[in-house]
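S.K.: Quick one: the structure is below, questions incoming.
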Amino acid sequence: MGVAALLGTTACGGGDDAAAGGSTGGLKVAYSSPVASQPGQQIVTSGLNAGAKELGWEVNVIDANLSADQQVSNVQTMIQQQAAAIGLWALDSGAMEGTYAQAKTANIPVIGVNSEGANVSSTVWWGVNRCDDDQSPYRQAAKQIADARPGGKVIVMGGPPVPSIQANVKCFSDAAKAAGLTILAQIDNTKDTSANAASLTGDTFTKYPDVDAVWSYNDSSAIGASTSATRAGRKISDGTSEGIIIQGSNGDPDAIEAVKQGRLSGTWDPDSYATGMAVIKAMDDAKKGVTGKNYVVTAKYWSQANIAEYKDTATLGYTLATIPVTEK
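According to the numbering used here, the residues represented by the sequence shown are 33 to 360, in order.
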């Protein structure tokens, strides 16, 4: 996974007309992906491109490749090149604060994705990254497992030490304990790959033969855990049937196929395509002077019960006006 080059030429900054609510056509904006090789992030990029095309913009995507230091450097480059707006999923919000302040001084709005900051103009949230009520997806995930396996035993798969990931793990873990589930162990897949997840969980199902479920922060890790469970002779449950329940998150194409094939109990789909479009919408609003907002993208759980209804959201004809986003 190499760090992608920042594409394009020097972008134009936001002029007074845009800030006053005028046309924002023809702008060049930039986005820092936390890890561009991850399937869900590739879908985010597709959404960014679709939203930018609708407005007549150009969007440049640069890969932080799971390095907070690299992300700081990349965003500084975007500022130097006078990007009209910057979006990013911050790997370390604290490390980014100085850079956010530089962007504000340069009159460049910063749109956070599942990340906030004192100088972040607005934030686009995955619904799965919200833990503010009982309908929050990961609280629902804990309830789903508890309903299917009352008093059950769970393995939690975390990931890299990214604030949004850590918050998701805490959200599920707290809800699981409140629902009467026992967390046997937390395993962190810091390399963010299926192969590493399979390696990390290689002896898990031998060590914990009575585990009822695995909750994973993303699909790659869930698929890796499923591989290990299958090798250990464990059957994968559809969520209600016998076997081990394995839930992922991201709605990655590989996960959708795994659910169809019975290799995964389900995946929480944050709608990465709509997320990319929402970032462009938030940028457009910011260039028109509308900031301080949260854009929450609606999530959906795909399981063997409803997977036949699945459609790639990129084929649904979203526009910036119709993406499934709640503005708060």
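Backbone N, C-alpha and C define an ideal beta-carbon position, used for all residues, glycine too.
Return the residue from the list Ser226, Thr233, Ser248 and Tyr240 that minimises the CA-CA distance to cysteine 203.
M.R.: Nearest C-alpha to cysteine 203: Ser248.
S.K.: Considering Cα atoms alone, identify which of Ser99, Tyr305 and Gly294 is closest to proline 193.
M.R.: The residue with the shortest Cα to Cα distance from proline 193 is Ser99.
S.K.: Which residues in the same chain as threonine 262 place their Cβ atom closer than 8 Å to its Cβ, once the five residues preceding and following it in sequence are excluded?
M.R.: For threonine 262, where only same-chain residues beyond five positions count, the Cβ hits under 8 Å are Ile268 and Arg295.
S.K.: Please state whether the Cβ-Cβ distance between serine 304 and valine 142 is less than 8 Å.
M.R.: No.
S.K.: By the DSSP assignment, the beta strand (DSSP E) with serine 335 in it spans what residues?
M.R.: Residues 332-335.
S.K.: Compare the C-alpha of lysine 313 against each of Ser65, Pro182, Ala150 and Glu86 and name the closest.
M.R.: For the residues Ser65, Pro182, Ala150 and Glu86, the minimum Cα distance to lysine 313 belongs to Glu86.
S.K.: Assess, as a yes-or-no matter, whether the stretch 253-261 is touched by the stretch 276-293 under the definition of 3 or more beta carbon pairs within less than 8 Å.
M.R.: Because the criterion of three Cβ pairs below 8 Å is met, the stretch 276-293 and the stretch 253-261 touch.
S.K.: When you compare only the Cα positions, how much space is there between cysteine 354 and tyrosine 170?
M.R.: One detail in the question is off: residue 354 reads as threonine in this sequence, not cysteine. Near 25 Å, if we compare the C-alpha coordinates of tyrosine 170 and threonine 354.
S.K.: Are there 16 or more other CB atoms within 10 angstroms of the CB of serine 273, so buried, or fewer, so exposed?
M.R.: It is exposed - the Cβ of serine 273 has fewer than 16 other Cβ atoms within 10 Å.
S.K.: From which residue to which residue does the beta strand (DSSP E) around alanine 62 run?
M.R.: Start and end: 60-65.
S.K.: Report buried or exposed for glutamine 176, applying the criterion of at least 16 other Cβ atoms within 10 angstroms of its Cβ.
M.R.: Buried, by the Cβ-count rule.
S.K.: So glycine 308 and glycine 79 are in contact, right, with Cβ under 8 Å, and what is the actual spacing, rounded?
M.R.: Confirmed, Cβ separation roughly 2 Å.
S.K.: Sorted by chain position, which residues of the same chain lie with C-beta nearer than 7 Å to tryptophan 158's C-beta, five sequence neighbours on each side aside?
M.R.: If we look at tryptophan 158 and ignore the five residues flanking it on each side, its Cβ neighbours are Asn146, Pro302, Thr307, Val329 and Ala331.
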